[in-house]
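Peer 1: Using the numbering used here, the letters of the sequence shown map in sequence onto residues 3 to 129.
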Amino acid sequence: MTTDLAHLYRGYIACLNRQAWPDLGRFVADDVHYNDERIGLSGYRAMLEQDFERIPDLSFTIHLLVADPPFVASRLAFDCTPKGELFGLAVDGRRVSFSENVFYEFEDGKIARVWSVIDKAAIEAQL
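Following this line, the structure appears as structure tokens:
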């Protein structure tokens, strides 16, 4: 089961990197919660689409992945060039590298809850 969940998660990350939004429902539950707020699949998709709009070269890279069903913990790495602001910081087209520590809870083979912490201090240090 642990291997299956890790494989499923890698498929989810590949879906994000392809921006295959019609396929997102294969990985994310209709009533998904993000940082304890129910945003639903449509809200989750809108959040991701906005991320890619603000960061045209956005790519999710898994640096660490731990699966302990029904949970997945991952450290994602980013090296990108955001337009304008990023997390309230004036990045204005400068290349930045940062990480995200994110935890997922799966239900019935789909992401039901997400808790995310972005390393904003790493971005600030580069500006």
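Where a beta carbon is used, it is the ideal one built from N, C-alpha and C, also for glycine.
Quick check on Lys-112: does DSSP put it in helix, strand or coil?
Peer 2: Residue state, collapsed to three classes: strand.
Peer 1: Can you tell me which of the three DSSP states Ser-44 falls into?
Peer 2: Three-state result, Ser-44: helix.
Peer 1: Between the stretch 70 to 87 and the stretch 52 to 61, do three or more beta carbon pairs fall short of 8 Å?
Peer 2: Counting Cβ pairs under 8 Å, three or more are found: they touch.
Peer 1: Whole angstroms is fine: what's the gap from Tyr-11's alpha carbon to Asp-33's?
Peer 2: So the alpha carbons of these two residues sit roughly 18 Å apart.
Peer 1: Buried or exposed for Ala-69, please, with buried defined as at least 16 other CB atoms from any protein chain shown within 10 angstroms of its CB.
Peer 2: Buried, by the Cβ-count rule.
Peer 1: Suppose you measure from the CA of Arg-40 to the CA of Trp-117; what does that come to, to the nearest Å?
Peer 2: Distance between the alpha carbons of Arg-40 and Trp-117 is about 12 Å.
Peer 1: Does the Cβ of Ser-76 have 16 or more other Cβ atoms within 10 Å, making it buried, or fewer, making it exposed?
Peer 2: Classification for Ser-76: buried.
Peer 1: Return yes when the Cβ of Lys-112 is within less than 7 Å of the Cβ of Phe-89, no when it is not.
Peer 2: Against a cut-off of 7 Å, the Cβ pair of Lys-112 and Phe-89 comes out as no contact.
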